[in-house]
Amino acid sequence: MRTKSKTSAGNFFEDFHVGQEIRHATPRTLTEADAALNVGLYGSRFAINSSDVFARALGLPRAPLDDLLVFHVVIGKTVPDISLNAVANLGYAEFRWGVPVYPGDTLSAQSTVLGLRENSNRASGVVWVRSTGVNQNGEMVLDYVRWVMVNKRDREAAVAQAVTPRTAPSVAPADLIVPKGLDLAGYDDIAAGSSDRWEDYQPGERIDHVSGITLEESDHMFSTRLYQNTARVHFDAFAGKSTRFGRRLAYGGHVISLARALSFNGLANGFRMAAINGGSHVAPTFGGDTIYAWSEVLETAPLRGRADVGGLRVRTIASKDCPAGSWPGKQADGKYHPAVVLDLDYWLLVPRRR
Amino acid sequence: MRTKSKTSAGNFFEDFHVGQEIRHATPRTLTEADAALNVGLYGSRFAINSSDVFARALGLPRAPLDDLLVFHVVIGKTVPDISLNAVANLGYAEFRWGVPVYPGDTLSAQSTVLGLRENSNRASGVVWVRSTGVNQNGEMVLDYVRWVMVNKRDREAAVAQAVTPRTAPSVAPADLIVPKGLDLAGYDDIAAGSSDRWEDYQPGERIDHVSGITLEESDHMFSTRLYQNTARVHFDAFAGKSTRFGRRLAYGGHVISLARALSFNGLANGFRMAAINGGSHVAPTFGGDTIYAWSEVLETAPLRGRADVGGLRVRTIASKDCPAGSWPGKQADGKYHPAVVLDLDYWLLVPRRR
Amino acid sequence: MRTKSKTSAGNFFEDFHVGQEIRHATPRTLTEADAALNVGLYGSRFAINSSDVFARALGLPRAPLDDLLVFHVVIGKTVPDISLNAVANLGYAEFRWGVPVYPGDTLSAQSTVLGLRENSNRASGVVWVRSTGVNQNGEMVLDYVRWVMVNKRDREAAVAQAVTPRTAPSVAPADLIVPKGLDLAGYDDIAAGSSDRWEDYQPGERIDHVSGITLEESDHMFSTRLYQNTARVHFDAFAGKSTRFGRRLAYGGHVISLARALSFNGLANGFRMAAINGGSHVAPTFGGDTIYAWSEVLETAPLRGRADVGGLRVRTIASKDCPAGSWPGKQADGKYHPAVVLDLDYWLLVPRRR
Numbered sequence: 000m001r002t003k004s005k006t007s008a009g010n011f012f013e014d015f016h017v018g019q020e021i022r023h024a025t026p027r028t029l030t031e032a033d034a035a036l037n038v039g040l041y042g043s044r045f046a047i048n049s050s051d052v053f054a055r056a057l058g059l060p061r062a063p064l065d066d067l068l069v070f071h072v073v074i075g076k077t078v079p080d081i082s083l084n085a086v087a088n089l090g091y092a093e094f095r096w097g098v099p100v101y102p103g104d105t106l107s108a109q110s111t112v113l114g115l116r117e118n119s120n121r122a123s124g125v126v127w128v129r130s131t132g133v134n135q136n137g138e139m140v141l142d143y144v145r146w147v148m149v150n151k152r153d154r155e156a157a158v159a160q161a162v163t164p165r166t167a168p169s170v171a172p173a174d175l176i177v178p179k180g181l182d183l184a185g186y187d188d189i190a191a192g193s194s195d196r197w198e199d200y201q202p203g204e205r206i207d208h209v210s211g212i213t214l215e216e217s218d219h220m221f222s223t224r225l226y227q228n229t230a231r232v233h234f235d236a237f238a239g240k241s242t243r244f245g246r247r248l249a250y251g252g253h254v255i256s257l258a259r260a261l262s263f264n265g266l267a268n269g270f271r272m273a274a275i276n277g278g279s280h281v282a283p284t285f286g287g288d289t290i291y292a293w294s295e296v297l298e299t300a301p302l303r304g305r306a307d308v309g310g311l312r313v314r315t316i317a318s319k320d321c322p323a324g325s326w327p328g329k330q331a332d333g334k335y336h337p338a339v340v341l342d343l344d345y346w347l348l349v350p351r352r353r
Numbered sequence: 000m001r002t003k004s005k006t007s008a009g010n011f012f013e014d015f016h017v018g019q020e021i022r023h024a025t026p027r028t029l030t031e032a033d034a035a036l037n038v039g040l041y042g043s044r045f046a047i048n049s050s051d052v053f054a055r056a057l058g059l060p061r062a063p064l065d066d067l068l069v070f071h072v073v074i075g076k077t078v079p080d081i082s083l084n085a086v087a088n089l090g091y092a093e094f095r096w097g098v099p100v101y102p103g104d105t106l107s108a109q110s111t112v113l114g115l116r117e118n119s120n121r122a123s124g125v126v127w128v129r130s131t132g133v134n135q136n137g138e139m140v141l142d143y144v145r146w147v148m149v150n151k152r153d154r155e156a157a158v159a160q161a162v163t164p165r166t167a168p169s170v171a172p173a174d175l176i177v178p179k180g181l182d183l184a185g186y187d188d189i190a191a192g193s194s195d196r197w198e199d200y201q202p203g204e205r206i207d208h209v210s211g212i213t214l215e216e217s218d219h220m221f222s223t224r225l226y227q228n229t230a231r232v233h234f235d236a237f238a239g240k241s242t243r244f245g246r247r248l249a250y251g252g253h254v255i256s257l258a259r260a261l262s263f264n265g266l267a268n269g270f271r272m273a274a275i276n277g278g279s280h281v282a283p284t285f286g287g288d289t290i291y292a293w294s295e296v297l298e299t300a301p302l303r304g305r306a307d308v309g310g311l312r313v314r315t316i317a318s319k320d321c322p323a324g325s326w327p328g329k330q331a332d333g334k335y336h337p338a339v340v341l342d343l344d345y346w347l348l349v350p351r352r353r
Numbered sequence: 000m001r002t003k004s005k006t007s008a009g010n011f012f013e014d015f016h017v018g019q020e021i022r023h024a025t026p027r028t029l030t031e032a033d034a035a036l037n038v039g040l041y042g043s044r045f046a047i048n049s050s051d052v053f054a055r056a057l058g059l060p061r062a063p064l065d066d067l068l069v070f071h072v073v074i075g076k077t078v079p080d081i082s083l084n085a086v087a088n089l090g091y092a093e094f095r096w097g098v099p100v101y102p103g104d105t106l107s108a109q110s111t112v113l114g115l116r117e118n119s120n121r122a123s124g125v126v127w128v129r130s131t132g133v134n135q136n137g138e139m140v141l142d143y144v145r146w147v148m149v150n151k152r153d154r155e156a157a158v159a160q161a162v163t164p165r166t167a168p169s170v171a172p173a174d175l176i177v178p179k180g181l182d183l184a185g186y187d188d189i190a191a192g193s194s195d196r197w198e199d200y201q202p203g204e205r206i207d208h209v210s211g212i213t214l215e216e217s218d219h220m221f222s223t224r225l226y227q228n229t230a231r232v233h234f235d236a237f238a239g240k241s242t243r244f245g246r247r248l249a250y251g252g253h254v255i256s257l258a259r260a261l262s263f264n265g266l267a268n269g270f271r272m273a274a275i276n277g278g279s280h281v282a283p284t285f286g287g288d289t290i291y292a293w294s295e296v297l298e299t300a301p302l303r304g305r306a307d308v309g310g311l312r313v314r315t316i317a318s319k320d321c322p323a324g325s326w327p328g329k330q331a332d333g334k335y336h337p338a339v340v341l342d343l344d345y346w347l348l349v350p351r352r353r
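Residue numbers (numbering that gives the first Met the number 0), protein chains in the order written: chain A, 0 to 353; chain B, 0 to 353; chain C, 0 to 353.
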């Protein structure tokens, strides 16, 4: 038979070239159901995403979808083209949310290859891409640079000269995007669940988010499928047995969403994630792990032209099977406490006192 | 550092005072997704909640959301303020549903402290609250008195003199609320799944609901998170190991919803829960338990001015790992059969013969 | 007490008669939530069901619901009347989808008994029914003949003479229904995830769908409940212990949907299931099994009057805990490879080159 294989095996390192533009498949219309599932999967309680009434009082047309849901959907679309053959996710930079996403919006994603550098062992290499999620009107909803280590199909394949792009070490406060029309004059602290405003947070302050949530296999696989993320390590228990972990790995984004939901207790008024400065999935998580989180305030930044909202830079650390009251983090020797699974540095928008 | 803790630890017994009014956080807009998840989590088959066509034939604008979903959401909102430090849920009274809730409605909840009584050991006390759920128009959707035993933060803390409120032993038929505009002339028995009308039920009659549904850890945690219920015993397996049960407890409301869904086989025309007279979570349930249910008809009551609908007072008992055909219930010695997990006394609305 | 039992035990073989018409209970309004849950449960990625924008470019009002979701809901409605006492599902014929189903549509189902044949052991018999799902306008959404082996309540009960209906061995291409208004001129290969069109497939061609998805107990029970399917073998672990399998069986439809979702990798442009020619649940599946799938192209058929779309007849085989690259199927001795759980022969609609 002389038909070409219909199966996509994803791109390998030698399939990429700098400047390449990739439009990713499967646009997705997000709906109220994605909002409800986001609550059911993670237990998120931020009022702005939970109540149309609350959101309208802030000048928005209705409750926007959770910022991390947008993250999961956009990144999921990129997987079949960018990271199906990835060995490791290495980092993110210049990671910003744009216009809010509402039920009924259709998201699609595209990526541009910014850089490529083969590893010295010639078995793999690092691929830098800028990925952008847009809504049905072409408005940016999420934009970031990501670098991943991708296997080569053929170790002997020739590759072009290395191009290593430079990325900003963090997102500057002036670059944070405040959604148009947002006006926090009507912000209701009681409905939001906290009277702590931007002025109440101080750099160096630590917040124990107290509660833990156990992650079941069924939960993380459901979320990975919901985001149409095809990274097979997450939902193939049979193949998982032959890996070095001997089992499935939970989708790292699931842990980020759990940590964000847990952070409500202490950061309830951090109503919007505006940017990620950097982060690392320090260790894998598995079905049965219980996730806890604590945060450290890194920086507070006023936002130009806004008296109603400020930027709060926070580092949230998630641990497994280790309550966060003991502040598991980086230790004196520079290594992480063995319970740490996530270390995320990001900007929140928080209402100011009037 | 001199910042106040951002983390809420919930109220302890000595934090409450009689007459105190508490507006609970996180209003929630319920949607079609909550309706679908209610079906997926429990397998409910009541036509009125399942079909817009069926509901419109009864004079409603569309399918209302499941009555117990309203219960779960309202009670979930009260947890962070009322029962985060609860030792036990002791009872409910004067528990009535008001206007139906539809997709798009935003529910919020408030509570008034009615009574307080310290326990003789001074380590805890009983708190009585009246909690009310309202929609975005301020209309009552659910109203009840609940009493819970709550820990003291400080055993030595002084407390006010005991106030023990009186509550009605059951909801009188005259107090049952029939939704406005409801007209059962067009009630379709075949679509509803039963030709048994109000007149067909007799006090003392027992109904075996036959089927069983197994409860997985993933299921009860999903529902607890969906209702934004923060009671940590339900989703922290790590902390659960150190409890007297050695594991997570399923949210009791999950079992109520399972029993209600199972009751369809025999009570398919009990299309609306109107009130709860009382009930008890007799024993805890855990992931892996299979829930069965049976019901006993306690009373039939005509409703003033309504020839189309009557009140049916039912007691439903749920058991675990014990099919209900043997009618596990209260035994001769006044103790429950060891398989019983729930004993609920409530009013249903049922169409009458014309 | 002299009240008739309120519990339905379902129909037994002797309760059926040829020509009997049964209107099934619990009409169901499907919503955007069912679309999202279909993605979350199976990981489906077909663009037409995922994106309103994509669907509108093809002349449809919005993204239609997944074809198999319609299958699950219609078949679920028939269970309490047709197969609650079934021993085995024996086959399907003349199985066709009609008008697309959109969020907001209300589906109901009815069946006509076509044939009956008692087994020689007199303990059970085969029941043939034609079942039809319709939307709120009475338009056919799904129509099929199904035959099941159903227990007798009373072995001694007399039954009428056997009537064995004839069914077509497969659905003829001329009988495939192309949704009205569908125009594939604007079909976007990149958004759809494949540039393989109808002309690119050849009879005999095999496609390995590569990935595997592990099925958890919580997953298959959720889907069974979501479809209001009451077949108790699927969600009663306690009763399951006493069966010959010693445990719950996953709903066979869950495996069909997993196989369909997996088939995206290789059949991404098979945007609509138009008909099922036949199929068999070769072996049961259980929680923990990992499902893989491969397909063989059986036939390509042009469709009368359509230059934009063709029929592609495919046989998809799903296996458990056995990747599909070794093509597990029917062996030389006519028996199935022990890993095979599903063998499904069906028609897809696929865009043609212009």
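Heads up, the beta-carbon is just placed ideally off N, CA and C, and yes, glycines get one too.
For the region 218 to 250 of chain C, which residues have a beta carbon sitting closer than 9 Å to at least one beta carbon of chain B? Under the 9 Å Cβ criterion, the region 218 to 250 of chain C contributes Asp218, Met220, Phe221, Ser222, Thr223, Arg224, Leu225, Tyr226, Gln227, Asn228, Thr229, Arg231, Phe234, Asp235, Ala236, Phe237, Ala238, Gly239 and Arg247.
Report the rounded CA-to-CA distance for Asp174 (chain A) versus Ala35 (chain C), giving the unit in angstroms. 33 Å
Please report the straight-line C-alpha distance between Pro63 (chain C) and Pro337 (chain C), rounded to a whole angstrom. 36 Å
In whole angstroms, give me the CA-to-CA distance for Thr242 (chain A) and His233 (chain A). 12 Å
DSSP on Arg22 (chain C), reduced to helix/strand/coil? strand
Residue range of the alpha helix (DSSP H) that Asn355 (chain B) falls in? Summary: the structure shown does not reach residue 355 (chain B), with chain B confined to residues 0 through 353, and so no result is reported for it.
Taking only the alpha-carbon atoms, compute the straight-line gap between Val17 (chain C) and Ala122 (chain C) and give it to the nearest angstrom. Each residue's Cα considered, the two are about 19 Å apart.
Where do the N-terminal and C-terminal ends of the beta strand (DSSP E) with Asp344 (chain A) fall, by residue? Val339 to Pro350
Going by DSSP, what residue range makes up the alpha helix (DSSP H) through Val133 (chain B)? Not the alpha helix (DSSP H): Val133 (chain B) falls in the beta strand (DSSP E), residues Ser123 to Val133.
Give me the subset of the region 19 to 36 of chain B whose CB atoms are less than 8 Å from a CB atom of chain A, sorted by chain position. Arg22, Ala24, Thr25, Pro26, Arg27, Thr28, Thr30, Glu31, Ala32, Asp33, Ala35 and Leu36
What three-state label does DSSP hand Met0 (chain C) in the structure shown? Below a pLDDT of 50, predicted positions are generally treated as unreliable, and Met0 (chain C), at 48, falls in that range; the measurement from the model is reported next regardless. It is coil, neither helix nor strand.
What residues in its chain sit with their C-beta under 6 Å from that of Ser256 (chain C), if we drop five residues either side in the sequence? Tyr41 and Leu67
Unbroken alpha helix (DSSP H) run spanning His219 (chain A), endpoints: Glu216 to Leu225
Determine, using beta carbons only, whether Ala190 (chain B) comes closer than 7 Å to chain C. yes
Can you tell me where the beta strand (DSSP E) with Thr77 (chain C) in it begins and where it stops? That residue, Thr77 (chain C), is in no beta strand (DSSP E); its alpha helix (DSSP H) goes Asp66 to Thr77.
Best match in A:Asp344, A:Ile316 and A:Trp326 for proximity to Glu298 (chain A) [C-alpha to C-alpha]: A:Asp344
Rounded to a whole number of angstroms, what is the C-alpha to C-alpha distance between Pro301 (chain C) and Pro172 (chain C)? 8 Å
According to DSSP, is Asp307 (chain B) part of a helix, a strand, or is it coil? strand
Do you know offhand how far Gly309 (chain C)'s Cα is from Ser194 (chain C)'s? 15 Å
Could you work out which residues of chain C lie near Glu216 (chain A), taking near to mean beta carbons separated by less than 7 Å? Below the 7 Å Cβ cutoff, chain C contributes Glu215 as neighbours of Glu216 (chain A), in chain order.
Residue-chain proximity (Arg44 (chain B), chain C), Cβ-Cβ < 7 Å: yes
Residue from B:Ser217, B:Gly185, B:Arg145 and B:Met220 with nearest C-alpha to Ile275 (chain B): B:Arg145
Among the residues of its own chain, which have a CB less than 6 Å from the CB of Gln19 (chain B), if the five just before and after it don't count? Result list for Gln19 (chain B): Val112, in chain order.
Does the beta-carbon of Gly103 (chain A), which I'm using as the reference point, lie nearer than 6 Å to any heavy atom of the ligand ZN? Ligands are entirely absent from the displayed structure, and the ligand ZN is therefore not among its contents.
For Glu138 (chain A), which residues in the same chain have their Cβ closer than 7 Å to its Cβ, ignoring the five residues on either side in sequence? Gly97 and Val98
Please return the same chain residues whose Cβ sits closer than 8 Å to the Cβ of Phe53 (chain C), not counting the five positions on each side in sequence. Ala46, Ile47, Ala62, Asp187, Ala190 and Ala191
Just the C-alpha distance for Ile81 (chain B) and Asn228 (chain B), rounded to the nearest angstrom, thanks. Each residue's Cα considered, the two are about 12 Å apart.
Taking the beta carbon of Arg259 (chain B) as the centre, do at least 16 other beta carbons fall within 10 Å, making it buried, or is it exposed? buried
Can at least three beta-carbon pairs, one atom from the region 197 to 207 of chain A and one from the region 157 to 172 of chain A, be found at a separation below 8 Å? no
Locate the alpha helix (DSSP H) running through Ser50 (chain B), then write down its first and last residues. That residue, Ser50 (chain B), is in no alpha helix (DSSP H); it is neither H nor E in DSSP.
Return helix, strand or coil for Pro323 (chain A), following the three-state DSSP convention. For the sequence presented, residue 323 (chain A) should be read as Ala rather than Pro. Of the three classes helix, strand and coil, the one that applies to Ala323 (chain A) here is helix, per DSSP.
Ser110 (chain B) CB to nearest chain A CB: under 7 Å? Cβ-Cβ to chain A under 7 Å: no for Ser110 (chain B).
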